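A short worksheet on the structure shown next.
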Amino acid sequence: MTIEQSTHTCPISVQHSQYQKQAEDVLQLILKPNTSSPAIVHIGDPERTRAKLEAIIAQGASAFEVVSDFDFTISKFRHDGIRNPSSHGIFEKDPELTDDARNQLRALANKYFAIEFDPFMPVEEKIPHLLTWGSLTQNIMIQCQLHRSALAKTVRECSLVLRDEVKAFTDLLHERHIPLLIFSAGLGDVIRLLLQRFCMDTENVRVVSNFMRFNEEGVLVGFEEPAIHTFNKTAASITSLANGDGKSSMKRPCVLLLGDSTGDVHMADGATVDDPEGVRGTVLRIGFLNDLIDTQLEKYKLLYDIVLTHDDTFRIPLTVIRTLFQCWETPVQNGLSE
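Residue numbers (the working numbering): 40 to 377.
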């Protein structure tokens with residue numbers, strides 16, 4: 040872009056103009072049609088999204104991190120028309136889990152899913168039910184005396200498929216030393232084993248989820264606290280994150296958030312610098328709307344800056360970070376640098 044300025048133009052104004060142009064370029068790349076894919080990109084408020092991109096570009100790579108859900112965000116929702124298993128679903132394939140235990144777990148899921156997604160029940164009323172669900176589920180698992188080695192074998196052999204291009208996305212984050220926080224109400228042990236299986240368990244990645252405790256014989260004896268569920272899945276609610284504990288939990292002012300549920304939009308609350316409520320930090324939210332598109336799209340467009348439908352790839356998140364890095368590496372006009 041050529042900027043014609045008088046000799047009295049303030050350099051800061053030129054720099055700001057450059058960030059605006061770069062943000063607009065990123066937005067246009069996101070919206071560029073891909074004729075080889077059925078995926079559709081929805082942006083409810085383009086100006087809000089452009090402003091967030093501009094703020095992220097202006098602060099640079101050292102101010103940037105990624106917070107992502109795992110089930111049906113990093114992993115596909117469907118593959119070849121078949122529903123992809125969740126981390127809990129993979130666990131239920133463990134051969135040491137008895138048929139009776141498996142039936143009990145499914146009965147609990149049927150009961151409490153209806154509560155979790157009840158549109159008329161307030162969140163504060165749902166939370167005790169979810170805690171009860173988690174406690175009952177964990178007790179059933181513990182009673183089966185499952186072995187760590189059997190779980191590892193189950194994960195190695197499971198049918199879970201990641202979204203296309205997700206490995207390129209995580210590889211680029213690792214290469215550029217960008218923290219990736221994976222936040223999940225699923226099973227942390229299963230997720231970590233999957234990351235190892237797909238060569239994504241790098242030093243910039245941290246998983247916050249429900250982790251098991253095994254004894255010296257490798258038998259499941261309990262679960263770590265606190266229990267992570269849909270409605271406490273925020274950086275502000277986890278003490279270790281609030282205290283900056285962990286290899287990739289440093290607070291940065293700019294966050295790319297990736298999720299697939301309405302609750303996932305709050306994952307970065309408290310993840311930004313000096314911002315317990317997640318209000319002042321710049322959080323660019325990308326949401327995968329995997330199902331019920333006709334009834335949920337407008338709601339998702341209010342909650343997420345970018346909504347992806349009919350998309351089983353990570354093309355858009357990868358495009359975003361690639362172009363951000365290009366912006367950060369491009370000197371601004373008149374010799375200014377970021």
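Even glycine gets a Cβ: it sits at the ideal position worked out from N, Cα and C.
Owing to the predicted nature of the structure, the values given are computational and were not obtained by experimental measurement.
- Of the candidates Val105, Gln61 and Thr112, Thr112 places its Cα closest to the Cα of Thr352.
- In this structure, DSSP gives Ala78 a state outside helix and strand, which the three-state scheme calls coil.
- For Glu104, the secondary structure class from DSSP, reduced to helix, strand or coil, is strand.
- Our two residues, Asp119 and His55, have alpha carbons roughly 46 Å apart in a direct line.
- Straight-line measurement puts the Cα of Glu135 at about 40 Å from the Cα of Val294.
- Between Leu357 and Thr88, the C-beta spacing is not below 9 Å.
- Secondary structure remark: continuous alpha helix (DSSP H) runs of at least 4 residues inside the region 218-286, in chain order: 227-236 and 278-281.
- Looking only at Pro124, Cys238 and Ile355, the smallest Cα-Cα distance to Lys71 is reached by Ile355.
- The beta carbons of Met306 and Lys272 sit about 6 Å from each other, so the pair counts as a contact at 8 Å.
- As a beta-bridge residue in DSSP terms, Cys293 pairs with Phe103 and Thr321.
- In the DSSP annotation of this structure, Ile113 is not part of any beta strand (DSSP E), being labelled neither H nor E.
- Pro124 is positioned such that its CB atom lies closer than 9 Å to that of Leu199.
- The C-beta of Asp299 has 16 or more other C-beta atoms within 10 Å across all chains shown, which makes the residue buried.
- Rounded to whole angstroms, the gap between the alpha carbons of Glu63 and Thr269 is 34 Å.
- Residue state for Val65 is assigned as helix, using DSSP reduced to three classes.
- By DSSP's assignment, Val346 forms a beta bridge with His81 and Gly326.
- For Ala90, the CB contacts under 8 Å within the same chain, skipping 5 residues up- and downstream, are Ala62 in chain order.
- The continuous alpha helix (DSSP H) containing His127 extends over residues Ser126 to Phe130.
- Between Ala224 and Asp108, the alpha-carbon positions lie close to 9 Å from each other.
- Residue environment analysis places Met180 among the buried positions, since at least 16 neighbouring C-beta atoms fall within 10 angstroms of its C-beta.
- Here the C-alpha atom of Asp157 lies approximately 43 Å from the C-alpha atom of Lys60.
- Excluding sequence positions up to five before and after Ile166, its CB lies within less than 6 Å of the CB of Phe270, all in the same chain and listed in chain order.
- Within a 10 Å sphere around the beta-carbon of Met239 sit 16 or more other beta-carbons, which makes this residue buried.
- Secondary structure of Arg215 (DSSP, three-state): coil.
- Rounded to the nearest whole angstrom, the CA to CA distance from Thr193 to Lys132 is 7 Å.
- Here Leu211 is actually not in contact with Trp172; their C-beta atoms are around 37 Å apart, not less than 8 Å.
- In this structure Thr348 is in contact with Leu336, their Cβ atoms being roughly 7 Å apart against a cut-off of 8 Å.
- In the structure shown, Thr352 adopts extended strand secondary structure according to DSSP, grouped into three states.
- Rounded to the nearest angstrom, the Cβ distance from Ile69 to Ile277 is 30 Å, too far for a contact under 8 Å.
- Burial check for Lys115: the Cβ neighbour count within 10 Å reaches 16 or more, so the residue is buried.
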